[in-house]
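Comments concern the structure below.
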């Protein structure tokens, strides 16, 4: 499981997050192919693997 911690909103954080793709499906005829749980799990595994460090270095070079 992904560890969680409840904390106050940080500067720049959105006031609300919506994880229901129904509106996008209706408006854009787009359908989500991954669940929120799958997205968070794979993102967490990627962060834990350390591969994000290389991605951030490449992104910095592009800027």
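Residue numbers (the working numbering): 1 to 63. Glycine is no exception: its CB is placed at the ideal position from the N, C-alpha and C atoms.
{"Query": "Span of the alpha helix (DSSP H), counted from its first residue to its last, around residue 48", "Result": "36 to 49"}
{"Query": "Beta-carbon proximity of residue 6 to residue 40, cut-off 8 Å", "Result": "no"}
{"Query": "Contact check, residue 36 vs residue 19, beta carbons under 8 Å", "Result": "yes"}
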